[in-house]
Amino acid sequence: MNFTFKLKYPNSKKPTLIYFRAYFVNEKKSFIYSTGEKILPIEWNPVTHQPNDLKGRTKKAENHRTINKQLNRYSDYFQEIVNRYKNVGEELTIDIVRQRFNENFKKSNTKNDFIRIYNEFLNEKENDFSGNSISKSTLKRYKCNLNLLKDFQNDTKLKISLGNFNDKIYNKFLKYCIEEKKHSANTLHRNVGLLKTFFFWALEKNYTYNKDFVKFKRPSTFRTDEIALNMSQVKEVYEFDFSKNKKLERVRDLFVLGCTTGLRFGNYSKISRDDIHGNFIRVIDLKSKSKNLAIPLNTISKEILQKYDFNLPNISNQKMNKYIKEVFKIIGFDDDIKKTMKYGDELIETKSLFYERISSHTARRSFITIMKNKRVPDKVIMSYTGHKSLEVFNNYYRPSEDDKVSYMNEVFK
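The sequence shown begins at 1428 in my numbering and counts up one residue at a time.
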């Protein structure tokens, strides 16, 4: 596709704007775009459509070379767009080129094109009724990631866009997350994954031609020292007398139900009579929204469900995480627990009390650990929990010090 540069006012006695011009045969009209560069018409070559080629190191010659360099940015980028659309066999329109030029050369009419497009991405994810919609928790992570990007932009005074997000900005983003936000390696790994998903979406939507993000390497994950209960600890929690504090009793019961079913909190907190078929709890996995789970009832899970007549206490995950710590604190789980976190390449060890490390998800981790300690085959446990990846599944296994001692003594009697 032919293109050229032209002056806005070729007969002017003053410096005038230089326009990029390309003719679109299908639309029978020209795309005209201001480069922002100015030049005196007398210094413009009407044949080459470039500034006059001046030799030497005079101020005027340097200025002409600078203008040429800027004009080359427009011509090179336009050619890149044309080639890409030709390769995929799609029609290139003036509106598409104008949008890409606005994005790449920072002339968007919106206050922040990057944020606007990310919000469009969130809106599409939130209103996806195709059967591939994401969970509320994943949507929340995407929104948190957007806030993180806003903070990064504001704190570093960098205006980010789809077009300029290159290796240099990516490395600054990683440094910001590690040094300013104190994100662990696992948090950083997850957030970069979310960011790349957004970039792939933007690429598919033709909002960008910048493919630098494909080469972005996600920081390696690091296995943290998470808490898991053994069976004797679960029994201790279940048998503790909370009759004088009904709120904590309900929280405790919900948690133990999670420990004895292996379900996610969003599943185990909402079990009803309709989910009981024979001697099984049958629900759709909250995360995949397609996998049917069948978890056999056991003595404890059946007892808890019958206690509430299959109408479990209604509590949010946020309040559950708050009150379950109080439950464990009252019972006396207040040992010091060492936690190792990775920040960049640095390992940081901190200490916290046992009960401070408990959350609603500890129940699922405890279920898997208890089952594996009882030599239950992985495939059987995974059929309960809904895990598809053995690698992800094994990350939930947390043998305690007592478990390690027991296994050692069992082998070397």
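We put the beta carbon where it would ideally sit given N, CA and C, even for glycine.
- Annotation for Asn1719: the continuous beta strand (DSSP E) segment containing it runs Asn1719 to Pro1723.
- The three-state reading of DSSP puts Ala1655 in coil, since its state is none of H, G, I, E or B.
- For Glu1464, there is no enclosing alpha helix (DSSP H); the enclosing beta strand (DSSP E) covers residues Lys1456 to Ile1466.
- Contact check between the stretch 1653 to 1663 and the stretch 1739 to 1756: fewer than three CB pairs, one atom from each, fall below 8 Å, which does not count as touching.
- With contact defined as three or more Cβ pairs closer than 8 Å, the stretch 1755 to 1767 and the stretch 1688 to 1704 are not in contact.
- Checking the DSSP bridge columns, you'll see Phe1432 partnered with Phe1447.
- For the 8 Å CB-CB criterion, Lys1552 and Leu1566 form a contact.
- Inter-segment contact for the stretch 1478 to 1494 and the stretch 1593 to 1606 is absent: fewer than three beta-carbon pairs are separated by less than 8 Å.
- A residue is called buried when at least 16 other Cβ atoms come within 10 angstroms of its Cβ; Asp1680 meets this threshold and is buried.
- Unbroken alpha helix (DSSP H) runs of no fewer than 4 residues, entirely contained in the stretch 1601 to 1672, are found at 1612 to 1631 and 1658 to 1666, following chain order.
- Remark: C-beta atoms of Phe1737 and Pro1723 do not approach each other more closely than 8 Å.
- Glu1607 places its beta carbon less than 8 Å from that of Asp1582.
- With contacts defined by Cβ atoms closer than 8 Å, Phe1447 and Tyr1501 form a contacting pair.
- Annotation: Val1683 to Gly1705 spans about 21 Å, alpha carbon to alpha carbon.
- For the alpha helix (DSSP H) assignment, the uninterrupted runs of no fewer than 4 residues enclosed by the stretch 1492 to 1578 are, from N- to C-terminal side, 1521 to 1531 and 1540 to 1553.
- Setting aside the 5 residues that flank it on each side, Pro1442 is surrounded in the same chain by Lys1465, Ile1466 and Leu1467, each with a C-beta closer than 8 Å to its C-beta; the list follows chain order.
- By the neighbour-count definition (other C-beta atoms within 10 Å, threshold 16), Asn1618 is a buried residue.
- If you look at Ile1808, you'll find it in the alpha helix (DSSP H) that goes Asp1805 to Thr1812.
- Using a Cβ distance threshold of 8 Å, Phe1432 and Leu1498 count as a contacting pair.
- In the structure shown, Ser1779 falls within a strand segment according to DSSP collapsed to helix, strand and coil.
- Each of Asn1613, Leu1675, Ile1508 and Pro1478 was checked against the Cα of Lys1638, and the nearest Cα belongs to Ile1508.
- The residue from Asn1429, Leu1519, Tyr1695 and Ile1711 with its alpha-carbon nearest to that of Ile1742 is Tyr1695.
- Lys1840 and Ser1833 have their alpha carbons spaced roughly 10 Å apart.
- Here DSSP, grouped into helix, strand and coil, assigns Arg1825 to coil.
- In the pairwise beta carbon analysis, the stretch 1664 to 1672 is classified as not touching the stretch 1609 to 1628: fewer than three pairs are separated by under 8 Å.
- Taking the CA atoms as reference points, Phe1794 sits about 34 Å from Leu1549.
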